[in-house]
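First comes the structure, then the notes that go with it.
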Amino acid sequence: MSPLPEPQALPISKAPDQETPAPLPLDGVTVVDLSRALAGPYCTALLADLGARVVKVESGTGDPSRQWPPFDGKDSLYFDSTNRNKESIWIDLYSEDGKEVFRTLLSSADVLVENFKLGTLEKMGYSTEDLHNLNPDLVHVSVNAYGQKGPLRDLPGLDQVIQGITGITSVTGPADGDGYRVGLPIVDIASGMVAAFTAVSLLFGRERGNPTRTGATSLYETAVAMSVFQGQKALSTGTTPHRQGNSHPSITPYGSYPTATVPIVLAVSTQRHWTDFCTLIGRTDLLEDPRFVNGQERTEHRDALDREIAASLRSHPAEKWIEDIRGLGIPAGPIRDYGQVMADEHTLALDMIQRTRRPDGRELEILRGPVSLAGYPTPVRSAPPGLSANALSILAGLGIPEADIDRLVAAGVVKAQPDSSPQATPADAALQEVVSR
1 MSPLPEPQAL
11 PISKAPDQET
21 PAPLPLDGVT
31 VVDLSRALAG
41 PYCTALLADL
51 GARVVKVESG
61 TGDPSRQWPP
71 FDGKDSLYFD
81 STNRNKESIW
91 IDLYSEDGKE
101 VFRTLLSSAD
111 VLVENFKLGT
121 LEKMGYSTED
131 LHNLNPDLVH
141 VSVNAYGQKG
151 PLRDLPGLDQ
161 VIQGITGITS
171 VTGPADGDGY
181 RVGLPIVDIA
191 SGMVAAFTAV
201 SLLFGRERGN
211 PTRTGATSLY
221 ETAVAMSVFQ
231 GQKALSTGTT
241 PHRQGNSHPS
251 ITPYGSYPTA
261 TVPIVLAVST
271 QRHWTDFCTL
281 IGRTDLLEDP
291 RFVNGQERTE
301 HRDALDREIA
311 ASLRSHPAEK
321 WIEDIRGLGI
331 PAGPIRDYGQ
341 VMADEHTLAL
351 DMIQRTRRPD
361 GRELEILRGP
371 VSLAGYPTPV
381 RSAPPGLSAN
391 ALSILAGLGI
401 PEADIDRLVA
411 AGVVKAQPDS
421 SPQATPADAA
431 LQEVVSR
């Protein structure tokens, strides 16, 4: 392969015609995404939602989440959920030609995101010093399992393991039963959000002349930080928080309560709301009970109060209580499953579900990101990419001559077919050492 030319700026994907701010806030920012599974891809999906061009670099057998259910035909919906608005290129990252292609990609990028075990990137030849020498303006964000120091730093970690080791499981589930994992990979998702915030903060600092180019978070640090008042309670008082089922640990009444039909969730968080709520349910006698006179007393006598409230709420169906309680300005609502949520008129009114097409022409309904700009939702500009579906355009955008691209593809350094299934090599196994799932 002949020497590669000087890198050129990668072309920016254009958003479809719709009422969204143009340009998007991160238009012109190029992100190289080496991450796999969930925490890292969730981070880069958020960056892509805001306009960044995200080039997903895959190797070995590709992002392992491509093989995880549920499926739409041959397409993993697990993968689809965090890879909208991205492009994909498969590169043999351990061949010399592959390394040269990757270095060229990095030299024209703004951000590198990866979620390997500590030390994996360095083994690949991309230490902090190497990255700085290659591209002094490159922002590097790492998501790992347990942080950059401490006795657990070198261990792999996945979401549910981290939930258990950081206390989340200890406060989740029935009060008189075993702890539960949260029903979503909450630590991965939150870590992805923290990583995206870190990336944008580093970019902002770079524009203001700040020299810092590296940032990191971990599943462990994110999960411990998420403990907020529960962790602070243990830290400051020495009292260990415990599971309380569907009741809020600090505010009462706040939780799930039965009605004549189905349970509802309500949150009486102020003294005025407490007075209004007791009047609504016909229990003004509770206002005079010394056990319930203020928020602290109500929480200390939660079990007794919950029994009184449950008895009163069983007099009417859920729909009536929700309407009447909301009429007082008190938060209340039903407990829905995800099928109901996706069909809910409020979900649809927020344009949370957008439509795009897969490369084979099949329509795909997909959830957008959670951000709106100037009153309009961030758009899904493209469907999640097939494996290496954008390789040729990415290489051409780097200024690599067509003859060299042909040689790279012929040599297996780059895969050019979106449905290819490259075989993993022993060296590529390091790329599967992801820290989140």
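437 is the number that the UniProt record's numbering gives the last residue of the sequence shown; the numbers go up by one with no jumps. Just so you know, even glycine gets a beta-carbon here, dropped at the ideal spot from N, CA and C.
| Asked | Found |
| --- | --- |
| Q296 to G245 span [Cα, whole Å] | 19 Å |
| Proximity of V380 and Q354 at Cβ, strictly below 9 Å | yes |
| Residue from P290, P385, E402 and P258 with nearest C-alpha to S65 | P385 |
| Residue ranges of each beta strand (DSSP E) within the region 355-393, 3 or longer | 363-367 |
| Unbroken beta strand (DSSP E) run spanning N144, endpoints | V139 to N144 |
| Given 8 Å, three or more beta-carbon pairs between the region 134-145 and the region 63-79 | no |
| C-beta contact flag for P263 and S256 at 9 Å | yes |
| Length of the line joining the Cα atoms of T30 and L50 | 12 Å |
| Secondary structure of W90, DSSP reduced to three states | strand |
| For residue 517, three-class secondary structure by DSSP | This structure cannot speak to residue 517, because the chain is shown only from 1 to 437. |
| Presumed contact (8 Å Cβ cut-off) between A216 and Q148, rounded CB distance | 6 Å |
| First through last residue of the beta strand (DSSP E) which encompasses T252 | Where T252 is concerned, there is no enclosing beta strand (DSSP E), given that its DSSP letter is neither H nor E. |
| Where G164 sits in the DSSP three-state scheme | helix |
| Closest by C-alpha distance to L26, when choosing among E96, V111, T82 and A39 | V111 |
| Boundaries of the beta strand (DSSP E) in which K74 is found, first to last residue | No beta strand (DSSP E) contains K74, which DSSP labels as neither H nor E. |
| Spatial distance of R181 from P174 (CA atoms) | 12 Å |
| For V143 and N115, believed in contact at Cβ under 8 Å, the rounded distance | 4 Å |
| Helix, strand or coil at D33 [DSSP, three-state] | strand |
| Cα-Cα separation between G205 and E300, rounded to whole angstroms | 47 Å |
| Proximity of G157 and Y220 at Cβ, strictly below 9 Å | yes |
| Rounded separation between A225 and I165 - CA only | 13 Å |
| Option in A48, V141, F277 and F197 with minimal Cα separation from P253 | F277 |
| Own chain partners of D72 with C-beta closer than 7 Å, once the 5 adjacent residues on each side are dropped | none |
| Stretch pair the region 304-320 + the region 259-273: three plus CB contacts closer than 8 Å | yes |
| Alpha carbon of Q417 to alpha carbon of N85, nearest angstrom | 19 Å |
| Cβ shell of L395 (< 6 Å), same chain only, five flanking positions each side left out | I405 |
| DSSP three-state assignment for P334, whether helix, strand or coil | strand |
| Selected residue, minimal CA-CA separation from E129, among S59, T212, N83 and A343 | T212 |
| heavy atom of the ligand NAD below 8 Å from A332 C-beta | No copy of the ligand NAD appears in this structure; indeed no ligand is present at all. |
| Inter-residue Cα distance where the pair is Q423 and T240 | Interpretation of Q423 is limited by its pLDDT of 38, a score under 50 that renders its predicted location unreliable; no figure is taken from the coordinates. |
| Classification of V341 by the beta-carbon crowding that lies within 10 angstroms, buried from 16 upward | exposed |
| Secondary structure of G183, DSSP reduced to three states | coil |
| Distance between V409 and S420 (C-alpha atoms, nearest Å) | Unreliable placement is indicated for S420, whose pLDDT of 38 sits below 50; the coordinate value is still reported in the next sentence. Between S420 and V409, the C-alpha separation is close to 12 Å. |
| Cβ pair G192, L38 closer than 9 Å | yes |
| Span of the alpha helix (DSSP H) around A403 | E402 to A410 |
| Cβ shell of G282 (< 8 Å), same chain only, five flanking positions each side left out | S312 |
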